[in-house]
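From first to last, the protein sequence lines stand for chains A and B.
Take the first sequence: its position 292, counting from 1, is numbered 292 in the UniProt record's numbering, and each next residue is one higher.
Take the second sequence: its position 167, counting from 1, is numbered 167 in the UniProt record's numbering, and each next residue is one higher.
Number of protein chains: 2
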Amino acid sequence: MAAKLKDVAARAGVSVRTVSNVVNNAPAVAPATRERVLLAIEELQYRPNLAARNLRQGRTGLIGLAVPEVSSPYFGEIAELLIDAAQHRGWTVLIDRTDGTAERERRLLEGSERHTVDGMIMSPWSLTPEELGRHSASMPLVVLGEQETGGTADHVAIDNVAAAREATAHLAGLGRRRIAAIGLQPQLTNGTAEQRAQGYREALAAAALPAEPSLVKTVASLHRAEGVRAMRELLEAGPRPDAVFCFSDELALGAVRACHDHGLRVPSDVALIGFDDIEDGRYCVPSLATVAPDKPQIAERALQCLADRVYGRLGSHPARQVTVPHRLVVRESAV
Amino acid sequence: MAAKLKDVAARAGVSVRTVSNVVNNAPAVAPATRERVLLAIEELQYRPNLAARNLRQGRTGLIGLAVPEVSSPYFGEIAELLIDAAQHRGWTVLIDRTDGTAERERRLLEGSERHTVDGMIMSPWSLTPEELGRHSASMPLVVLGEQETGGTADHVAIDNVAAAREATAHLAGLGRRRIAAIGLQPQLTNGTAEQRAQGYREALAAAALPAEPSLVKTVASLHRAEGVRAMRELLEAGPRPDAVFCFSDELALGAVRACHDHGLRVPSDVALIGFDDIEDGRYCVPSLATVAPDKPQIAERALQCLADRVYGRLGSHPARQVTVPHRLVVRESAV
DNA sequence: CAGCCACTTTGCAACGTTGCATGCAGCGTG
DNA sequence: CACGCTGCATGCAACGTTGCAAAGTGGCTG
């Protein structure tokens with residue numbers, strides 16, 4: 001049987017309340033008493049019962065992280081950074097997988113988690129902005145990768161339009177004339193893909209290149225397999241593109257694979273730029289040019305926002321929109 | 001203010017206890033009453049307070065997953081599968097990162113988590129078998145990727161010796177004569193690398209190939225960067241190997257990169273086999289031959305073991321050793 | 001020496017839930 | 001008709017912790 005406050009109190013010859021004060025580093029405890037209590041705690045291997053503490057305080061020390069998938073490199077890296085940032089603040093992260101479906105995203109916000117976590121960080125794919133705003137009333141919520149939606153959910157994202165514009169402009173600057181884009185996701189309410197598409201179009205216009213609809217490919221997911229499929233379709237369709245801007249590194253890695261299968265060389269025949277700066281891209285052959293969001297800062301700012309809400313430092317202050325910097329990383333696939 | 005049992009009871013005109021019975025699907029509730037209560041629950045949007053329930057029952061519905069790193073592809077995929085398997089059993093997974101350090105692994109087992117999770121699944125890198133066995137007494141523990149250690153921790157792993165033997169034998173079967181190995185990790189107590197090295201040596205012996213110590217490279221981690229470094233050292237050292245067995249796909253991907261940088265072609269100059277069957281390996285160029293552990297089964301069996309311990313179906317039954325199947329997946333890098 | 005103050009320590013109650021034991025009908029049986 | 005039994009509903013207590021308010025202790029001042 002695990003030791004509880006009462007046991008420690010008995011051993012140290014003080015009241016339960018005093019032990020609690022020691023455990024919580026309350027100031028009003030005499031040094032000698034504190035010593036004695038700490039000794040007893042050590043001897044009995046006392047560990048606070050979090051369930052009881054949570055029940056009493058109404059806080060759990062847990063925060064939820066809801067991402068479409070855990071095993072994708074991008075979300076894996078984000079999760080890792082968030083876990084670190086949470087640890088610094090004494091929080092533990094509880095990861096949930098939504099598959100990007102509206103139903104699971106909704107259930108997480110409405111549902112069973114409500115008393116389990118103090119707040120939530122979500123990267124939504126399918127929820128409408130209205131829904132996000134509505135739910136943020138009942139639980140502190142930070143949204144990743146989206147623009148402001150109204151409601152009280154804070155938002156942390158990079159400037160996707162600018163990032164896409166820079167990537168596309170870089171390809172144009174290499175002298176490429178038929179620049180394709182892979183990654184539009186019309187089935188998702190998530191505005192990210194649309195923003196990137198807009199940046200792509202803006203850059204084409206700025207370079208006085210025509211915007212050919214046939215060069216923009218939609219995908220069902222951001223995985224490699226979809227990159228392979230989309231690139232293959234581009235190559236088989238007609239005059240082939242000489243550059244491709246992919247909305248994720250995984251798509252780009254699939255696209256590289258497809259080029260290789262068609263006997264094309266990257267970047268001499270087709271230049272490629274991805275998005276996310278996942279680790280694979282730094283070591284694959286050829287190494288992958290990409291747009292690198294400042295992930296550590298995304299994690300840090302998201303937790304900062306969440307902490308402000310959970311501890312009520314903001315009250316019902318309106319939603320904040322945090323824009324995190326990014327940079328274009330040029331590597332072998334686009335030189 | 002969130003609704004609680006008392007509020008629902010008042011609304012439905014029954015006692016608190018009856019509402020609790022409905023919520024828990026207890027049999028002794030009249031259908032009409034159940035209807036009325038369910039209606040009230042719906043109207044008030046009642047959700048059970050888990051902290052209170054946990055306090056009362058002594059169970060939390062959470063299980064811990066302690067892995068060295070979340071963002072590595074292998075652990076990401078394992079985490080994803082475990083989250084699924086846990087969900088089927090009504091558990092939520094709480095992920096912790098150990099960095100593979102003994103100190104953090106120890107702290108997770110001893111420490112603060114003790115009242116937070118019902119049990120733990122850990123992939124240890126630095127803890128001694130004795131420590132693992134000792135801690136499993138106080139909390140249900142399932143160990144991934146290790147052989148039995150004594151104590152009451154269950155173990156789930158593949159047969160690493162056999163797997164490494166098969167991979168190496170495949171390379172020998174291609175007619176390769178100088179087969180190197182990358183991935184020994186003498187700094188870890190984790191026996192996995194040593195088992196793979198043993199399988200490698202056994203296969204060399206079976207093929208009547210000499211075991212050259214200079215062809216076995218140790219690494220500081222299983223990441224791509226270490227694969228690059230180790231491969232580079234092999235290539236610069238002397239007569240170059242014509243095949244390499246890497247103890248992880250990430251190491252192998254780094255090794256491919258290093259070969260490419262040296263102007264060597266894979267597999268014609270150097271054949272490569274990795275380990276883990278991560279998604280990258282299926283799409284990279286060349287695609288990566290690998291040893292594929294049956295990951296879904298690893299997750300399923302691990303949760304099965306944990307459930308048996310948590311619900312006491314085993315009592316203090318001695319540790320179980322579960323061996324999960326694997327298979328060799330031949331791809332472009334080793335044909 | 002009484003009175004006040006600062007510093008420590010304490011007891012009580014409550015957080016929301018469920019285990020246990022018991023109450024209360026209504027029905028069938030002897 | 002009395003009795004026991006079954007099916008359903010209830011009340012009380014407890015899980016381990018912390019907020020609150022108050023009590024105790026000692027020293028210092030007037």
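Glycine is no exception: its CB is placed at the ideal position from the N, C-alpha and C atoms.
Cβ-Cβ distance between residue i and residue j below 7 Å
| i | j | result |
| --- | --- | --- |
| PRO186(B) | LEU215(B) | no |
| VAL228(A) | ARG196(A) | no |
| LEU144(B) | PRO296(B) | no |
| ILE158(A) | VAL244(A) | no |
| VAL22(A) | VAL16(A) | no |
| ILE179(B) | LEU188(B) | no |
| VAL142(A) | CYS305(A) | yes |
| ALA319(A) | ALA153(A) | yes |
| TYR74(A) | ASP276(A) | yes |
| PRO140(A) | VAL310(A) | yes |
| SER123(A) | VAL67(A) | yes |
| ASP308(A) | ASP280(B) | no |
| HIS155(A) | GLU146(A) | yes |
| LEU109(B) | HIS135(B) | yes |
| LEU127(B) | ALA86(B) | no |
| ALA12(A) | ARG36(A) | yes |
| ALA52(A) | LEU55(B) | yes |
| SER333(B) | VAL266(B) | yes |
| LEU44(A) | ASP7(A) | yes |
| GLY76(A) | GLY173(B) | no |
| ILE121(B) | ALA302(B) | yes |
| HIS326(A) | ALA164(A) | no |
| ASN24(A) | TRP125(A) | no |
Residue interval of the alpha helix (DSSP H) (run including residue i)
| i | result |
| --- | --- |
| LYS6(B) | 5 to 12 |
| ASP261(B) | 249 to 261 |
| residue 339(B) | Residue coverage of chain B in this structure runs from 1 to 335, which leaves residue 339(B) outside it and unanswerable. |
| VAL156(A) | Careful: VAL156(A) lies outside any alpha helix (DSSP H), inside the beta strand (DSSP E) at 154 to 158. |
| GLY238(A) | No alpha helix (DSSP H) contains GLY238(A), which DSSP labels as neither H nor E. |
| ILE273(B) | Looking at the DSSP string, ILE273(B) is not in any alpha helix (DSSP H); the run it does join, the beta strand (DSSP E), is 271 to 275. |
| ARG22(B) | Residue 22(B) is actually Val in this sequence, not Arg. Start and end: 16 to 23. |
| ARG176(A) | Looking at the DSSP string, ARG176(A) is not in any alpha helix (DSSP H), and its letter there is neither H nor E. |
| GLU332(B) | GLU332(B) -> no alpha helix (DSSP H), and no H or E assigned at all. |
| LEU55(B) | 50 to 57 |
| ILE278(A) | Premise fails: ILE278(A) is in no alpha helix (DSSP H) and is neither H nor E. |
| GLU130(A) | 129 to 135 |
Residue i, enclosing beta strand (DSSP E) - first and last residue
| i | result |
| --- | --- |
| residue 358(A) | Outside the shown range of chain A (1 to 335) lies residue 358(A), about which nothing can therefore be said. |
| VAL143(A) | 141 to 144 |
| GLY64(B) | 62 to 67 |
| ILE121(A) | 119 to 122 |
| LEU33(A) | As written in the sequence, residue 33(A) is Thr, which differs from the Leu given in the question. Per DSSP, THR33(A) belongs to no beta strand (DSSP E); it is in the alpha helix (DSSP H), 31 to 44. |
| ALA181(B) | 179 to 184 |
| GLU96(A) | Note that residue 96(A) is Asp in the sequence shown, not Glu. Looking at the DSSP string, the run of the beta strand (DSSP E) that includes ASP96(A) is 92 to 97. |
| THR189(A) | Counting along the chain, THR189(A) falls outside any beta strand (DSSP E), and DSSP gives it neither H nor E. |
| VAL216(A) | 216 to 218 |
7 Å CB neighbourhood of residue i in its chain, flanking five on each side removed
| i | result |
| --- | --- |
| ARG59(B) | ASP118 |
| THR323(A) | ALA157, ILE158 and ASP159 |
| ALA193(A) | GLY183, LEU184, GLN185 and PHE247 |
| CYS284(B) | LEU253 |
| residue 342(A) | Residue 342(A) is absent from the model: chain A starts at 1 and stops at 335. |
| SER131(B) | Checking the sequence shown, residue 131(B) turns out to be Glu, not Ser. Closer than 7 Å at the Cβ level, and outside the excluded window around GLU131(B), lie ARG106. |
Other residues of its chain near residue i: CB distance less than 8 Å, five sequence neighbours each side excluded
| i | result |
| --- | --- |
| ARG224(A) | GLU250, LEU251, LEU253, GLY254 and ARG257 |
| ALA79(B) | LEU65, VAL67, VAL70, VAL93 and ILE95 |
message: For the pair the region 282 to 292 of chain B and the region 243 to 263 of chain B, tell me if three or more CB-CB distances fall below 8 Å.
response: Yes: at least three Cβ pairs fall under 8 Å.
message: Count Cβ pairs between the region 265 to 273 of chain A and the region 198 to 218 of chain B that sit closer than 8 Å; are there 3 or more?
response: Contact fails: fewer than three Cβ-Cβ distances are below 8 Å.
- request: Please confirm if the region 231 to 238 of chain B is in contact with the region 188 to 208 of chain B, defined as three or more CB-CB distances below 8 Å between the two stretches.
  value: Of all C-beta pairs linking the region 231 to 238 of chain B to the region 188 to 208 of chain B, fewer than three are shorter than 8 Å, placing the two stretches out of contact.
query: Looking at C-beta atoms only, is the number of pairs between the region 92 to 109 of chain A and the region 90 to 109 of chain B that lie closer than 8 Å three or more?
result: The region 92 to 109 of chain A vs the region 90 to 109 of chain B: in contact.
- prompt: Counting Cβ pairs, one atom from each stretch, are 3 or more of them under 8 Å apart for the region 38 to 56 of chain B and the region 2 to 10 of chain B?
  reply: Contact between the region 38 to 56 of chain B and the region 2 to 10 of chain B is present, because at least three Cβ pairs lie under 8 Å.
- request: Taking only beta carbons into account, state which residues of the region 80 to 98 of chain A come closer than 7 Å to chain B, listed in chain order.
  value: Residues of the region 80 to 98 of chain A with a C-beta atom less than 7 Å from some C-beta of chain B are GLU80, ILE83, THR92, VAL93, LEU94, ILE95 and ARG97, listed in chain order.
task: Please list the residues of the region 280 to 296 of chain A that have a C-beta atom closer than 7 Å to any C-beta atom in chain B, keeping them in chain order.
output: Flagged, chain order: ASP280, TYR283, CYS284 and VAL285.
task: Check distances from the C-beta atoms of the region 255 to 273 of chain A to those of chain B and list, in chain order, the residues that come in under 7 Å.
output: Within the region 255 to 273 of chain A, the residues whose Cβ lies closer than 7 Å to some Cβ of chain B are VAL256, ARG257 and HIS260, listed in chain order.
field: Interface positions of the region 209 to 231 of chain A facing chain B (Cβ-Cβ less than 9 Å), listed along the chain
entry: The residues in question are HIS223, ARG224, ALA225, GLY227 and VAL228.
Residues of the UniProt domain "HTH lacI-type" (3 to 57) of chain A whose Cβ lies closer than 8 Å to any Cβ of chain B, in chain order: Of all residues in the UniProt domain "HTH lacI-type" (3 to 57) of chain A, ARG47, PRO48, ASN49, LEU50, ALA51, ALA52, ASN54 and LEU55 have a Cβ within less than 8 Å of some Cβ in chain B.
message: Against chain B, which members of the region 234 to 258 of chain A pass a CB distance test of less than 9 Å?
response: Going along the region 234 to 258 of chain A in chain order, one finds GLU250, LEU253, GLY254, VAL256 and ARG257 with a Cβ nearer than 9 Å to chain B.
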